[in-house]
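The structure appears below as structure tokens.
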Amino acid sequence: MRIFTARHRAALLSKVSVAAIACCVVAFSATPASAETSVDTADPSAVAALVAGATPDGAQPVDASATGIAFETFTPDATTTIPVDPAQPIEVTADVAGREISANITLPNGLDLAAAEATADGTVVYPSESDASVAVQTLESGDTRVQTVIPDRDATHEAAFGMEGFRAVIDSAGNAGFVQNGSEGAFVPVDAPWATDATGASVPTHYEVRGDRLVQIVTPTASTAYPVVADPTWGWRNAAWGLTLSRSETASIKDYAAAASFCAALARNQRLTLACGLWSGYLQVQAATANRLRPKGCLHIVVAPLPGAISHTYC
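Right, here's the structure in full:
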């Protein structure tokens, strides 16, 4: 019979502890920094299924009809033409406050996108064998949703979108959209960005303005599971007509008297009904806020459908 002395017991416990630690280290090391699923993001049907499961608001796409060189969608307030060729822009004609607006949305460059295919639920997919794929939907509301499906950590995590004849803006409150070039024109808001990974977890994302383009940037964490779906949505139902004041015009509204004078001229020229006594004070405050920005900002004033609403833009 073997007798275990205190020294034997200590040596045995030491060996057991080392083995346990080694086991834990091996188990921890075997856990990947990020996971990837076996979904084929170059398969249009698989992409459409991913998108359907990722969208946080549950908004549904409408059917897309093939015309040979494009797919068309129709809602009461918008007609959208989605080209087969990814180098061509998406064309949208929408009703904004009783006036028609036509605009083109350009897709991100450099993703090696193939020709578009429509899936059963109306999603139009531009697949990519080597990078992120793009899925375009017209929602029942008439809004245009353009999703980037990022297959893995090595793929592109930035997507730059443009609108011909418009410039991208992000106001002082972080709201994004596109303002039509010139002193008068439309403002088309873009919904707040979101990104969702393969487990349904949110992934950090934000917008930046680069030149005249709006760029969505996705920043994965160590636990992000691929593929990731990221989305900007053009909100045609919330678009508006308005005026964009230049930096010097914004700076000229230095006091209440200047704001009241501007209000009177705006109401006269645009045939608006504005309570200038109240609105002039609001305008004065917004102009002062824009003038304190570095560099100084500009104001966009809505004429229709809600006259007098003011947003800030960088200029």
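Residue numbers (the numbering used here): 451 to 765.
Think of the CB as a built atom: it goes at the ideal place given N, C-alpha and C, for glycine as much as any other residue.
It should be emphasised that the depicted structure is a prediction, and the values quoted were computed from it without experimental measurement.
According to DSSP, residues forming a beta bridge with residue i
i	result
R595	Q587 and T683
T763	C748
P639	G627
Q666	A609 and Y657
V489	BP columns for V489 are empty, so no partner.
V678	I600
Of the listed residues the options, nearest to residue i (C-alpha basis)
i	options	result
I519	D535, A636 and L561	D535
V659	S580, E590 and F628	F628
D641	A565, R721, A708 and W684	W684
L589	K746, T530, V512 and A672	V512
C748	Q734, F712, Y732 and T694	T694
P494	R549, Y576 and A740	Y576
D604	T674, S730, I703 and D571	T674
D490	A709, G572, P533 and V599	V599
A850	T649, L664, I551 and T505	As displayed, the chain neither begins before 451 nor continues past 765, which places residue 850 out of reach and without an answer.
W729	T543, R742, A714 and Q720	A714
A740	N719, R721, T700 and D681	T700
S652	V668, D662, N719 and R742	V668
A645	F637, H656 and R718	H656
Q630	P677, I555, A623 and S580	I555
S439	E567, L561, G572 and V574	In this structure the chain extends from 451 to 765, so residue 439 is not present and cannot be described.
G503	D647, G615 and E614	D647
G727	G758, H750 and V753	G758
R742	H762, T723 and H750	H762
Q587	V501, Y706 and A737	V501
M613	A725, A636 and A565	A636
A708	Q734, R697, R721 and P539	Q734
A514	T594, A496, W686 and A564	T594
Where residue i sits in the DSSP three-state scheme
i	result
T398	Nothing in the structure corresponds to residue 398, since the chain is present only between 451 and 765.
Q510	coil
P494	helix
G661	coil
L728	helix
V619	strand
Q431	The question about residue 431 has no answer, for the chain in this structure spans 451 to 765.
A690	strand
G503	helix
S673	coil
A651	coil
A537	coil
T517	coil
E614	coil
T543	strand
T723	coil
Residue range of the beta strand (DSSP E) that includes residue i
i	result
P643	Taken as a continuous stretch (DSSP letters only), P643 belongs to no beta strand (DSSP E), as it is neither H nor E.
T525	A520 to T525
A605	Note, A605: premise wrong, no beta strand (DSSP E); not H, not E.
P533	A528 to P533
Closer than 8 Å: residue i CB and nearest the ligand FMN heavy atom
i	result
G560	This structure does not include the ligand FMN; it has no bound ligands of any sort.
Chain D contact for residue i (CB, 9 Å cutoff)
i	result
P601	This model lacks chain D altogether; it includes just one protein chain.
Runs of alpha helix (DSSP H) lying entirely within the segment 692–720, each at least 4 residues, in chain order: Every unbroken stretch of the alpha helix (DSSP H) spanning 4 or more residues and falling wholly within the segment 692–720 is given here in chain order: 697–702 and 706–720.
Minimum length 4: unbroken alpha helix (DSSP H) runs contained in the segment 545–588: Those alpha helix (DSSP H) runs which fall completely within the segment 545–588 and span 4+ residues do not exist here.
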